[in-house]
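Taking it in order: structure first as structure tokens, then the write-up.
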Amino acid sequence: MNTLPDLSSSIPVFDGLHSHIVNVWLDDVQRVQQLPSWDDATARLIAASTLRGTARNWHLTFGNQYGIWATWSAALKDTFSIALNVIEWQEQVMEVSQVTGETLHQYACAKLRIIER
Numbered sequence: 000m001n002t003l004p005d006l007s008s009s010i011p012v013f014d015g016l017h018s019h020i021v022n023v024w025l026d027d028v029q030r031v032q033q034l035p036s037w038d039d040a041t042a043r044l045i046a047a048s049t050l051r052g053t054a055r056n057w058h059l060t061f062g063n064q065y066g067i068w069a070t071w072s073a074a075l076k077d078t079f080s081i082a083l084n085v086i087e088w089q090e091q092v093m094e095v096s097q098v099t100g101e102t103l104h105q106y107a108c109a110k111l112r113i114i115e116r
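This is the structure in structure tokens:
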């Protein structure tokens with residue numbers, strides 16, 4: 000029998016503020032969900048436990064009515080998605096700059112993650 004480590008702590012906090020992109024956060028949750036093969040109910044519970052602020056209030060008020068991951072994550076996305084115009088998107092892409100000690104590969108991956116939103 001193999002035991003996998005508790006990966007729930009590797010899911011970042013999501014507070015619903017504009018600085019956090021809901022699609023990126025949901026991608027993080029799904030990435031972490033795949034390794035230990037969490038079922039949808041477990042993924043929803045663990046994801047909900049990382050919500051803070053407005054996002055947590057949304058979950059306590061509305062999110063609890065969505066019992067399965069697909070509908071819960073879709074409702075969260077509908078509530079917190081931000082439609083960026085081209086200028087706003089370009090500004091976010093331009094804000095990502097290579098930091099001291101960061102390899103070119105690390106920088107490129109960080110930049111591409113923003114570009115593909």
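Here the sequence shown stands for residues 0 to 116, numbered as in numbering that gives the first Met the number 0. Using N, Cα and C, we set each Cβ at its ideal position, and we do this for glycine too.
Pull up the distance between the alpha-carbon of residue i and that of residue j, whole angstroms please.
i	j	result
Met93	Val21	20 Å
Ile113	Gln91	7 Å
Leu34	Thr60	30 Å
Tyr65	Leu75	10 Å
Thr99	Ala109	14 Å
With DSSP run on the structure shown, which of helix, strand or coil describes residue i?
i	result
Leu50	strand
Phe13	strand
Val23	helix
Phe61	coil
Val95	coil
Glu87	helix
Can you list, in chain order, the residues of its chain whose CB lies under 6 Å from that of residue i, leaving out five sequence neighbours each side?
i	result
Asp14	Arg51, Gly52 and Ala54
Suppose contacts are defined by Cβ-Cβ distances below 9 Å. Is residue i in contact with residue j by that definition?
i	j	result
Ile10	Val31	yes
Val193	Thr70	With the chain covering 0 to 116 only, the question about residue 193 has no answer from this structure.
Ser72	Ala40	no
Apart from the five residues just before and just after residue i, which ones in its own chain have a Cβ nearer than 7 Å to its Cβ?
i	result
Gln97	Tyr106
Taking the alpha helix (DSSP H) that residue i belongs to, which residues open and close that run?
i	result
Ser72	Trp68 to Phe79
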